[in-house]
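Asker: Just dropping this structure here.
Protein chains: 2
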Amino acid sequence: MARASLSGFPEWLPDQRIVEQRVLDVIARTFELHGFASVQTRAVEPLGELLRKGETSKEVYVLSRLQADEGEAPADEVDRLGLHFDLTVPFARYVVEHAGRLTFPFKRYQIQPVWRGERPQDGRFREFWQADIDVVGDGELPFHLEVDVALVAAEALTALGALGLPPVRMLVNNRKVVEGFYAGIGLDRTEEVLRVVDKLAKIGPDDVARLLREEVGASEAQVEACLALSRLGGDVTVVDQVRDLADRYAVVTADDPARALLATGLGELSALLEAAEQRAPGVVAADLSVARGLDYYTGSVYETVLLGHENLGSICSGGRYDSLATDGKRTFPGVGISIGVSRLLSRLFSADLVRATRSVPTAVLVAVVDEDRRAASDAIAATLRSRGIPTDVAPTAAKFGKQIRYADRRGIPFVWFPGSDEPGSDQAAHGEVKDIRSGEQVAADPAMWSPPAEDLWPRVVAVVPQ
Amino acid sequence: MARASLSGFPEWLPDQRIVEQRVLDVIARTFELHGFASVQTRAVEPLGELLRKGETSKEVYVLSRLQADEGEAPADEVDRLGLHFDLTVPFARYVVEHAGRLTFPFKRYQIQPVWRGERPQDGRFREFWQADIDVVGDGELPFHLEVDVALVAAEALTALGALGLPPVRMLVNNRKVVEGFYAGIGLDRTEEVLRVVDKLAKIGPDDVARLLREEVGASEAQVEACLALSRLGGDVTVVDQVRDLADRYAVVTADDPARALLATGLGELSALLEAAEQRAPGVVAADLSVARGLDYYTGSVYETVLLGHENLGSICSGGRYDSLATDGKRTFPGVGISIGVSRLLSRLFSADLVRATRSVPTAVLVAVVDEDRRAASDAIAATLRSRGIPTDVAPTAAKFGKQIRYADRRGIPFVWFPGSDEPGSDQAAHGEVKDIRSGEQVAADPAMWSPPAEDLWPRVVAVVPQ
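Those sequence lines, one after another, are chains S and H. With numbering that gives the first Met the number 0 as the guide, the letters of the first sequence map in order to residues 0 to 465. With numbering that gives the first Met the number 0 as the guide, the letters of the second sequence map in order to residues 0 to 465.
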């Protein structure tokens, strides 16, 4: 019985999957060129691990065995298994569990699906792939890695431009800046302020102002200061604008810790923006409204929009965290960023931005003259494959017109027609190969002939708007 | 808090993951060279889909949302979601669901994790990776694809020998042969007979004989015939031995359908064995005891053992099926085979058969002279990476000895020491690169120098027993 698709669980057709494979190849290669080691974690974690940071409990899928063993005691709540909802929490657990056999700072990348039981929307799924990098230190982690992680992700996204991805803009902020600023103007419940400001893009400044008054108890001047801060952004000159704003709202008279936090944060933000301007000009910009809802960030935070597709939301986010991974004795501070691969792909497909040059890996289809001579076609195919040329053999010895249509419908560019190999003949007639796009057909030897390099494997190309 | 590993959910360390990546690369490349297109299906299926073939209900993990929306009606049993327990059932559903946008015969490969709630044992996990190929036709599927699928899998496993995998033996049988034989000796409940014979390796011939008597009601002569058949195997001469046995047990006097089924099956088995001897000499052998428990097989069936590690069980199994995928009107017969990647890897690791040459992708570590000159090291690294050389930069400007240890502990073969670049100097002193294995150190230019090809990326090599 045919079933309708499950909403929120996207599946790609073979030609779309080729796009996905190339996208993942580009991302993984960029990560590996920067020395990140691949890690995969199991899909499940104990609920106690998943819910440690609260907030997301609603989104977790919990597992149970359809028929648990008789007499099997039901698991404690914390031991019940759930599917991971991101790759950061399982990685933090992996680091703690395997710390004795890892070397720190530990740089890993991780490309896997994650699951969230939320309501599906455009670009928001219940099962989706993420591509993460994190660097985790043992006890300490130098700030410059907050620069590296952002720029590696920017480099990966920029490299995807060759496949047809529109340019991106990475928006950065620093938790120390906003927390120092908030504390400096007398708002001490900085986490709550952050959670409200994080809603700015969704609910607008008026509602943010209302929530700041109602939920955080902010004064009019404090509300005004928060909103003024959230409007700042741009290049490294933003640092002076924040200082001016802090002066205007008398942060200078605040207690030392707040001022020190703000100053440290501004130093870091400035270093990030300057390095980015050198190493990835035009890609990274400050945006003091970027808050990132998650509690655990403590320094740089990142969000990324696809230019012309800002309504898709962030396609690459992350930040610095200090106490996500800890075994009670040791703490492993880290910084990470996550590319939303499925979100990117869904837009590439829905906006028809890219396509694969064919739907199969195959470059050559070897025709079959009649079923008694299938072995001759198999031998030609084996020779081509041994030379690295992806080759298929026609499934039936149908009329050649039908065999050519088999190739054409899949986008296979070449069809090989075996010759009439006479046993014992000195000069075996290997046959002829036809480019079914141009119709050109030439005599060829499978031990010698190669397709043009651009036809060897399917490629992903940008769709040129009509 | 540190948590113990979850039994049955293996996770690899970074150097093991490199082995896994190479194994998957070799398998995927072999599949693509044969024209199989990559497909991935969602991790979940409705229970109605998963349980269609019965038998496995005990193994299914069922999902529920930790906090379902208020007022959300509980899902019907058949609509509840479970994690897939293999890749064949989801693929059958994918084919039916997307049939209108696929081209048939459709050749796909699929490499994903699957989940089964069974008790973990050596080589048997609750989460494990499979690498499958299937060819599915629309209404019909020529027999020769049963040959191709087996030989493509054999080729992939043989190619893994270059990484250190021991040789394999693929054991093949044909459902038509055994079902025709059983029916020919008067045992009509062939599925039950198959299920009993499938236990041969586990419980031995005496218990199989007892179960045949007790559960299938077989006579002594019938038991003897079944056990005699199960002992046959080897090269293509097995076909005559089966014919002799059939004569001895008077299958010749059986009804026409049974004899015809046996004859067709023997023709297919013989064709498979002969093609295998030509195209993959020494890898494939007949084994008439291979039954494969699953009901849906109708022709060739395959199992594969790792030589010297037969106790691991089958590492690559599959067969021909005729009615697994159907939408009521159309039926899509297929043939497929599945490599148990996690089972293979677990043995490669536990028996210490292979190792990666390092635990990171990095070929070069660029040292940092002092933090003020980190940008110079970053620039050298960027140049090397732009030339495709995986490069890391030391995380701190520690003493060079400590920076060399950073490389050494990860197996990074080269450390680059930046020169004292004088701004404005014509001839920039790019520095020197040291092979930390030999100690050899030479002056080098990051725009020119390359590591030896065998050091560019980590490799997987066989461990030579001491």
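No residue lacks a Cβ here, since even glycine has one placed at the ideal position from N, Cα and C.
Is the beta carbon of V473(H) less than 8 Å from the beta carbon of A149(H)?
Answerer: In the structure displayed, chain H extends from 0 to 465; residue 473(H) sits before or after that span and is not available.
Asker: So Y60(S) contacts chain H; which residues on that side make the cut at Cβ distance below 9 Å?
Answerer: The residue you call residue 60(S) lines up with position 61 of the first sequence. The contacting residues are V43, L62, S63, R64, L65, L80.
Asker: Let me know the secondary structure DSSP gives S345(S) once reduced to three states.
Answerer: Within the first sequence, the letter at position 346 stands for residue 345(S). In the structure shown, S345(S) sits in a helix (DSSP, three-state: H, G or I).
Asker: Examine chain H for any beta-carbon lying closer than 8 Å to the beta-carbon of Y93(S), and answer yes or no.
Answerer: Counting from one through the first sequence, the residue named residue 93(S) turns up at place 94. Cβ-Cβ to chain H under 8 Å: yes for Y93(S).
Asker: Report buried or exposed for P166(H), applying the criterion of at least 16 other Cβ atoms within 10 angstroms of its Cβ.
Answerer: Here residue 166(H) refers to the residue found at position 167 when the second sequence is read from its first residue. With fewer than 16 other Cβ atoms within 10 Å, it is exposed.
Asker: Say yes only if the C-beta of G327(H) is nearer than 7 Å to one or more non-hydrogen atoms of the ligand MN, and no if none qualify.
Answerer: The ligand content of the structure shown is nil, which means the ligand MN is not present either.
Asker: Hey, is the region 89 to 106 of chain H in contact with the region 99 to 109 of chain S, meaning 3+ C-beta pairs nearer than 8 Å?
Answerer: Because the criterion of three Cβ pairs below 8 Å is not met, the region 89 to 106 of chain H and the region 99 to 109 of chain S do not touch.
Asker: For my contact list, D294(H) and N172(H) are in at a C-beta cut-off of 8 Å; report their separation, rounded to the angstrom.
Answerer: Locating residue 294(H) in the second sequence gives position 295, where the first residue counts as 1. Locating residue 172(H) in the second sequence gives position 173, where the first residue counts as 1. 15 Å between Cβ atoms; not a contact.
Asker: For G281(H) and chain S, any beta-carbon pair shorter than 8 Å?
Answerer: Position 282 of the second sequence holds residue 281(H). It does not: the Cβ of G281(H) has no partner Cβ on chain S nearer than 8 Å.
Asker: Are V192(S) and L186(S) touching if we call contact CB-CB under 8 Å?
Answerer: In the first sequence, counting from the first residue as 1, residue 192(S) sits at position 193. In the first sequence, counting from the first residue as 1, residue 186(S) sits at position 187. Closer than 8 Å, so yes.
Asker: DSSP three-state call for L46(H): helix, strand or coil?
Answerer: Position 47 of the second sequence holds residue 46(H). Note: L46(H) maps to helix in three-state DSSP.
Asker: So E537(H) contacts chain S; which residues on that side make the cut at Cβ distance below 8 Å?
Answerer: Because chain H spans 0 through 465 in this model, residue 537(H) falls outside it and cannot be assessed.
Asker: Name, going along the chain, the residues of the region 388 to 415 of chain H whose beta-carbon falls closer than 9 Å to a beta-carbon of chain S.
Answerer: Taking 9 Å as the Cβ-Cβ cut-off against chain S, the residues of the region 388 to 415 of chain H that qualify are I388, P389, T390, D391, V392, P394, T395, Y405, R408, R409, I411.
Asker: D131(H): which of A443(H), A152(H), V207(H), D321(H) sits nearest, CA to CA?
Answerer: By one-based count along the second sequence, residue 131(H) stands at place 132. Answer by Cα proximity: A152(H).
Asker: Pick helix, strand or coil for I476(S), following the three-state DSSP scheme.
Answerer: In the structure as shown, chain S begins at 0 and stops at 465. Residue 476(S) is therefore absent and cannot be evaluated.
Asker: To the nearest angstrom, how far is it from the Cα of G410(S) to the Cα of R64(H)?
Answerer: The residue you call residue 410(S) lines up with position 411 of the first sequence. The residue you call residue 64(H) lines up with position 65 of the second sequence. Spanning the two alpha carbons is a distance of roughly 42 Å.
Asker: Just checking, does the region 395 to 406 of chain H make contact with the region 365 to 373 of chain H on the three C-beta pairs under 8 Å criterion?
Answerer: Touching, yes, given that three or more Cβ pairs across the two stretches are closer than 8 Å.
Asker: Using beta carbons (cut-off 8 Å, strictly below), is T102(H) in contact with chain S?
Answerer: Taking the second sequence and counting its residues from 1, the one referred to as residue 102(H) is at position 103. Taking Cβ atoms only, chain S reaches closer than 8 Å to T102(H), which makes this a yes.
Asker: Hey, would you say Q129(S) sits closer than 8 Å to V113(S), going by beta carbons?
Answerer: Against the first sequence, residue 129(S) aligns to sequence position 130. Against the first sequence, residue 113(S) aligns to sequence position 114. Their beta carbons are under 8 Å apart, which means Q129(S) touches V113(S) by this criterion.
Asker: Could you tell me if M169(H) is buried or exposed, where buried requires 16 or more neighbouring beta carbons within 10 angstroms of its beta carbon?
Answerer: On the second sequence, position 170 is the one that residue 169(H) refers to. That one is buried.
Asker: Let me make sure I understand the geometry here. Which of A224(S), E223(S), R346(S) has the alpha-carbon closest to that of E309(S)?
Answerer: Reading the first sequence from its first residue, position 310 is the one you call residue 309(S). Comparing Cα-Cα distances from E309(S) to each of A224(S), E223(S), R346(S), the minimum goes to R346(S).
Asker: Can you name, in chain order, every residue of its own chain whose Cβ lies under 6 Å from the Cβ of R278(S), other than the five neighbours on each side?
Answerer: In the first sequence, the residue the question calls residue 278(S) occupies position 279. If we look at R278(S) and ignore the five residues flanking it on each side, its Cβ neighbours are L150.
Asker: Could you name the residues of the region 198 to 229 of chain S whose beta carbon sits closer than 9 Å to any beta carbon of chain H, in the order they occur along the chain?
Answerer: If the cut-off is 9 Å between Cβ atoms, the region 198 to 229 of chain S has nothing near chain H.
Asker: Apply the 10 Å Cβ neighbour rule to Q15(S) and answer buried if 16 or more other Cβ atoms are within range, or exposed otherwise.
Answerer: Against the first sequence, residue 15(S) aligns to sequence position 16. Its Cβ being crowded by 16 or more others within 10 Å, Q15(S) is buried.
Asker: Across the region 116 to 129 of chain H and the region 89 to 96 of chain H, are there enough close Cβ pairs to call them in contact, namely three or more that are closer than 8 Å?
Answerer: Not touching, per the Cβ criterion.
Asker: Find the residues of chain S that neighbour F8(H), judging by a C-beta separation of less than 7 Å, and give them in chain order.
Answerer: Reading the second sequence from its first residue, position 9 is the one you call residue 8(H). What F8(H) touches in chain S: R41, V43.
Asker: Less than 8 Å between CB atoms is the rule here; does H83(H) satisfy it with respect to chain S?
Answerer: Start at 1 with the first residue of the second sequence, and residue 83(H) comes out as number 84. So, not an interface residue.
Asker: Along the chain, which unbroken stretches of the alpha helix (DSSP H) at least 4 residues long are found entirely within the region 198 to 268 of chain S?
Answerer: The qualifying runs are 199 to 215, 219 to 229, 237 to 247.
Asker: Quick check on L306(H): buried or exposed, where buried means 16 or more other Cβ atoms within 10 Å of its Cβ?
Answerer: By one-based count along the second sequence, residue 306(H) stands at place 307. That one is exposed.
Asker: Taking Cβ-Cβ distances below 7 Å as the criterion, which residues of the region 111 to 126 of chain H are in contact with chain S?
Answerer: The region 111 to 126 of chain H vs chain S, Cβ under 7 Å: P112, G116, E126.
Asker: Given a cut-off of 8 Å, decide if F413(H) and S434(H) are closer than it, judged by their beta-carbon atoms.
Answerer: Translated into positions along the second sequence, residue 434(H) becomes position 435. Translated into positions along the second sequence, residue 413(H) becomes position 414. The question names Ser, yet the displayed sequence has Asp at residue 434(H). Going by C-beta atoms, D434(H) is nearer than 8 Å to F413(H).
Asker: Taking a Cβ distance cut-off of 7 Å, strictly less, list which residues of the region 325 to 349 of chain S are near chain H, in chain order.
Answerer: Hits within the stretch, in order: D326, G327.
Asker: Whose C-beta lies closer than 6 Å to the C-beta of D326(H) among residues of the same chain, with five residues either side of it excluded?
Answerer: Counted from its first residue, the second sequence places residue 326(H) at position 327. Contacts found: V95.
Asker: Can a CB atom of chain S be found closer than 8 Å to the CB of E31(H)?
Answerer: Here residue 31(H) corresponds to residue number 32 of the second sequence, with the count starting at 1. With 8 Å as the cut-off, E31(H) counts as an interface residue toward chain S.
Asker: When you compare only the Cα positions, how much space is there between E302(S) and S299(H)?
Answerer: Taking the first residue of the first sequence as 1, we reach residue 302(S) at position 303. Taking the first residue of the second sequence as 1, we reach residue 299(H) at position 300. If I take the Cα positions, the gap works out to 53 Å.
Asker: What residues in the region 440 to 463 of chain H bring their beta carbon closer than 7 Å to a beta carbon of chain S?
Answerer: So nothing in the stretch comes that close.
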